[in-house]
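S.K.:
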DNA sequence: GAGACTGGTTACCCTATGGTAAAAAGGGAA
DNA sequence: TTCCCTTTTTACCATAGGGTAACCAGTCTC
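Residue numbers (this note's numbering), protein chains in the order written: chain R, 1 to 186; chain D, 1001 to 1186.
Here you go:
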């Protein structure tokens, strides 16, 4: 599922950048480029200004498993690595030409400590994120793959424009063959 | 999975309670009592002072599905209801005599706005929670039920002392019969 | 000790999904 | 258009897990 809408908008971030002298940098990534790899520490909270990103990891059997998709105006990071300095296991791949705004720990802390608004927005973002994940676990435990597929189509049609069916299959927790079968039955 | 260790400890909370005049209340719940039901708004962030709680919801087929377990010194709430005022769909059930510390929105906001420390701890808690959920989704998509069972036994042995196998089965995403089969094969 | 519960296991068959392999369908590039 | 490459679909069989139902074991009550 796409990350919840960012509560801190680009506009806000750019304002913070000016007023707090954060020195935020941007990064441009071409289509089909992996810009974060497993094993590399994730230094940033990324704000996706433009583009579309797939987060995946390598499963026990060596296959890529899509963990989530992230669209324009949402934020992503590798929580394990960014927050806890644990080994990063996910890959970030741009599924189209993508423009990122990079926010490191220091900058994030600075924003949080200087702005009540940002702090609250950020807390909201985290809570929202937890809810999205929670709902997803419920969906896995309570719905068939077909139902999950239909729900995803309805709630995030954009994914179907940007990602391959094989990406979507592993996101839904089935093989591409199964997804194909499911699509046939509809 | 049990909620991440609370970063705000009871001791902290009680100190906040005195210094910020929060007027926190406690609640005692007997074994096998449901103290929050689907449909009821969840007014509190609960700190579990003592005891053990199971969070579950009713699946499409009418069965109870355990969403998570929460032990002593962790916090729980129904995020959808507490944060977003959406319809609450989960039940909180005390699996043993349980003592709760109740924190409502106003009190939580007051703590956050008055203490940098609490605010940071709380942010940490949310991030940690998102990570636990994230890891759980990965585990569902990448590991067999048997593996998940063994992992749970290792990481949260307490659950096996407090909860029934049928609770654990639905938590792992299988039927009690399947769990029984899995246990037999070990 | 005999019922009556509850939780857990077993047995049976069934279905959804997995795995391998091959075929089909698209989509550039020359 | 034709070739090549990638993605998707089909076909086949294998398997994990589901659903129903019965059974067993522990525990409580009378």
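Just so you know, even glycine gets a beta-carbon here, dropped at the ideal spot from N, CA and C.
Predicted model, so just to flag it, every value in this text is computed and none were measured.
(1) Please classify residue 1181 of chain D as buried or exposed, where buried requires at least 16 other C-beta atoms within 10 Å of its C-beta.
(2) Taking 8 Å as the cut-off, decide whether the C-beta atoms of residue 1018 of chain D and residue 1101 of chain D are in contact.
(3) Which residue comes first and which comes last in the alpha helix (DSSP H) that contains residue 70 of chain R?
(4) Alpha carbon to alpha carbon, what distance is there between residue 142 of chain R and residue 1063 of chain D?
(5) Residue 173 of chain R to residue 1169 of chain D, Cα distance in whole Å?
(6) Between the region 34-48 of chain R and the region 73-92 of chain R, do three or more beta carbon pairs fall short of 8 Å?
(7) For residue 1158 of chain D, tell me which candidate among D/1038, D/1118, D/1095 has the shortest Cα-Cα distance.
(8) Hey, would you say residue 7 of chain R sits closer than 8 Å to residue 124 of chain R, going by beta carbons?
(9) Any idea what DSSP makes of residue 53 of chain R, helix, strand or coil?
(10) With 8 Å set as the bound, which would you pick, yes or no: does the beta-carbon of residue 173 of chain R sit closer than that to a beta-carbon of chain D?
(11) Kindly indicate the opening and closing residues of the alpha helix (DSSP H) around residue 1132 of chain D.
(12) Is the CB of residue 95 of chain R under 8 Å away from at least one CB in chain D?
(13) Restricting to Cα atoms, I'd like to know which of D/1037, D/1060, D/1104 is closest to residue 1024 of chain D.
(14) How would you call residue 186 of chain R, buried or exposed, if buried means at least 16 neighbouring beta carbons within 10 angstroms?
(15) Please look up how many angstroms separate the CB atoms of residue 1092 of chain D and residue 1034 of chain D, rounded, as I've assumed it's under 8 Å.
(16) Give me the Cβ distance between residue 99 of chain R and residue 26 of chain R, rounded to the nearest whole Å; I'm assuming they're in contact under 8 Å.
(17) Measuring CB to CB, does residue 1066 of chain D end up less than 8 Å from residue 1149 of chain D?
(18) Counting C-beta neighbours from all protein chains within 10 Å, is the total for residue 39 of chain R 16 or more, i.e. buried, or is it exposed?
(19) Counting along the chain, where does the alpha helix (DSSP H) carrying residue 1149 of chain D start and finish?
(20) Determine the direct distance from the alpha carbon of residue 1090 of chain D to that of residue 1037 of chain D, and round the result to whole angstroms.
(21) Does chain D have any CB closer than 8 Å to the CB of residue 88 of chain R?
(22) Tell me, please, whether the CB atom of residue 54 of chain R is closer than 8 Å to any CB atom in chain D?
(23) Give the DSSP-derived three-state secondary structure of residue 1007 of chain D in the structure shown.
(24) For chain D, check one thing: does any of its Cβ atoms lie closer than 8 Å to the Cβ of residue 156 of chain R?
(25) Beta-carbon separation of residue 80 of chain R and residue 1131 of chain D under 8 Å?
(26) What is the DSSP secondary structure of residue 1182 of chain D, reduced to helix, strand or coil?
(27) Can you find the residues in the same chain that come closer than 6 Å, C-beta to C-beta, to residue 121 of chain R, ignoring five residues on each side of it along the sequence?
(28) Buried or exposed for residue 192 of chain R, please, with buried defined as at least 16 other CB atoms from any protein chain shown within 10 angstroms of its CB.
(29) With H, G and I counted as helix, E and B as strand and the rest as coil, what does DSSP make of residue 1088 of chain D?
(30) Against chain D, with Cβ distances strictly below 8 Å, would residue 142 of chain R count as a contact?
(31) Name the residues in the region 35-66 of chain R whose C-beta lies less than 8 Å from a C-beta of chain D; which are they?
(32) Does DSSP classify residue 1105 of chain D as helix, strand or coil?
(33) In or out: residue 1183 of chain D buried (at least 16 other Cβ within 10 Å) or exposed?
(34) Find the nearest neighbour of residue 161 of chain R within the set R/52, R/177, R/176, R/119, judged by alpha-carbon distance.
(35) Would residue 191 of chain R pass as an interface residue toward chain D - the criterion being a Cβ-Cβ separation below 8 Å?
M.R.: Inspection of the coordinates gives the following:
(1) The count along the second chain starts at 1 and reaches residue 1181 of chain D at position 181. With fewer than 16 Cβ atoms within 10 Å of its Cβ, residue 1181 of chain D is classed as exposed.
(2) Numbered from its first residue, the second chain carries residue 1018 of chain D at position 18. Numbered from its first residue, the second chain carries residue 1101 of chain D at position 101. It is not a contact, given that the beta carbons lie outside the stated cut-off.
(3) The residue you call residue 70 of chain R lines up with position 70 of the first chain. Note, residue 70 of chain R: premise wrong, no alpha helix (DSSP H); beta strand (DSSP E) at 64-71.
(4) In the second chain, the residue the question calls residue 1063 of chain D occupies position 63. In the first chain, the residue the question calls residue 142 of chain R occupies position 142. In a straight line, the C-alpha of residue 1063 of chain D is about 10 Å away from that of residue 142 of chain R.
(5) The residue labelled residue 173 of chain R in the question sits at position 173 within the first chain. The residue labelled residue 1169 of chain D in the question sits at position 169 within the second chain. Computed Cα separation, rounded: 19 Å.
(6) yes
(7) Against the second chain, residue 1158 of chain D aligns to sequence position 158. It is D/1095.
(8) In the first chain, counting from the first residue as 1, residue 7 of chain R sits at position 7. In the first chain, counting from the first residue as 1, residue 124 of chain R sits at position 124. For residue 7 of chain R and residue 124 of chain R, yes; Cβs fall inside 8 Å.
(9) Numbered from its first residue, the first chain carries residue 53 of chain R at position 53. DSSP places residue 53 of chain R in strand when its eight states are reduced to three.
(10) Translated into positions along the first chain, residue 173 of chain R becomes position 173. Yes, residue 173 of chain R lies at the interface with chain D (some Cβ there is under 8 Å from its Cβ).
(11) Taking the first residue of the second chain as position 1, residue 1132 of chain D is located at position 132. Here the alpha helix (DSSP H) through residue 1132 of chain D covers 1116-1142.
(12) Taking the first chain and counting its residues from 1, the one referred to as residue 95 of chain R is at position 95. No, its Cβ sits nowhere closer than 8 Å to a Cβ of chain D.
(13) If you number the second chain from 1, residue 1024 of chain D lands on position 24. Nearest option by C-alpha distance: D/1104.
(14) Within the first chain, numbered from 1, the residue matching residue 186 of chain R stands at position 186. Per the 10 Å Cβ criterion, exposed.
(15) Taking the second chain and counting its residues from 1, one reaches residue 1092 of chain D at position 92. Taking the second chain and counting its residues from 1, one reaches residue 1034 of chain D at position 34. Their Cβ separation, rounded to whole angstroms, is 7 Å, which keeps residue 1092 of chain D and residue 1034 of chain D in contact under 8 Å.
(16) One-based indexing of the first chain puts residue 99 of chain R at position 99. One-based indexing of the first chain puts residue 26 of chain R at position 26. That pair is a contact at about 6 Å.
(17) The residue labelled residue 1066 of chain D in the question sits at position 66 within the second chain. The residue labelled residue 1149 of chain D in the question sits at position 149 within the second chain. No.
(18) Numbered from its first residue, the first chain carries residue 39 of chain R at position 39. It counts as exposed.
(19) Here residue 1149 of chain D is taken as the residue at index 149 of the second chain, counted from 1. Taken as a continuous stretch (DSSP letters only), the alpha helix (DSSP H) holding residue 1149 of chain D covers 1145-1155.
(20) Numbered from its first residue, the second chain carries residue 1037 of chain D at position 37. Numbered from its first residue, the second chain carries residue 1090 of chain D at position 90. About 6 Å.
(21) Mapped onto the first chain, residue 88 of chain R falls at position 88. No, residue 88 of chain R lies away from the interface with chain D (no Cβ there is under 8 Å from its Cβ).
(22) On the first chain, position 54 is the one that residue 54 of chain R refers to. So, not an interface residue.
(23) What you label residue 1007 of chain D is simply residue 7 of the second chain in a count that begins at 1. Looking at residue 1007 of chain D - three-state DSSP - the assignment turns out to be coil, as it is neither helix nor strand.
(24) For this step, residue 156 of chain R is matched to residue 156 along the first chain. No, residue 156 of chain R lies away from the interface with chain D (no Cβ there is under 8 Å from its Cβ).
(25) As a first step, residue 80 of chain R is located in the first chain; it is residue number 80 there, counting from the start. As a first step, residue 1131 of chain D is located in the second chain; it is residue number 131 there, counting from the start. Closer than 8 Å, so yes.
(26) Taking the first residue of the second chain as position 1, residue 1182 of chain D is located at position 182. The answer is helix: DSSP assigns residue 1182 of chain D an H, G or I state.
(27) Numbered from 1 along the first chain, position 121 holds the residue referred to as residue 121 of chain R. The residues are 7, 8.
(28) Look at the range of chain R in this structure, 1 to 186, and you will see that residue 192 of chain R is not part of it.
(29) Position 88 of the second chain holds residue 1088 of chain D. In this structure, residue 1088 of chain D counts as coil in the three-state DSSP scheme.
(30) Within the first chain, residue 142 of chain R is the residue found at index 142, counting from 1. By this cut-off, residue 142 of chain R is an interface position.
(31) 57, 59, 60, 65
(32) In the second chain, counting from the first residue as 1, residue 1105 of chain D sits at position 105. Residue 1105 of chain D: helix per DSSP, three-state reduction.
(33) Position 183 of the second chain, counting from 1, holds the residue named residue 1183 of chain D. That one is exposed.
(34) Translated into the one-based positions of the first chain, residue 161 of chain R becomes position 161. Comparing Cα-Cα distances from residue 161 of chain R to each of R/52, R/177, R/176, R/119, the minimum goes to R/52.
(35) This structure cannot speak to residue 191 of chain R, because chain R is shown only from 1 to 186.
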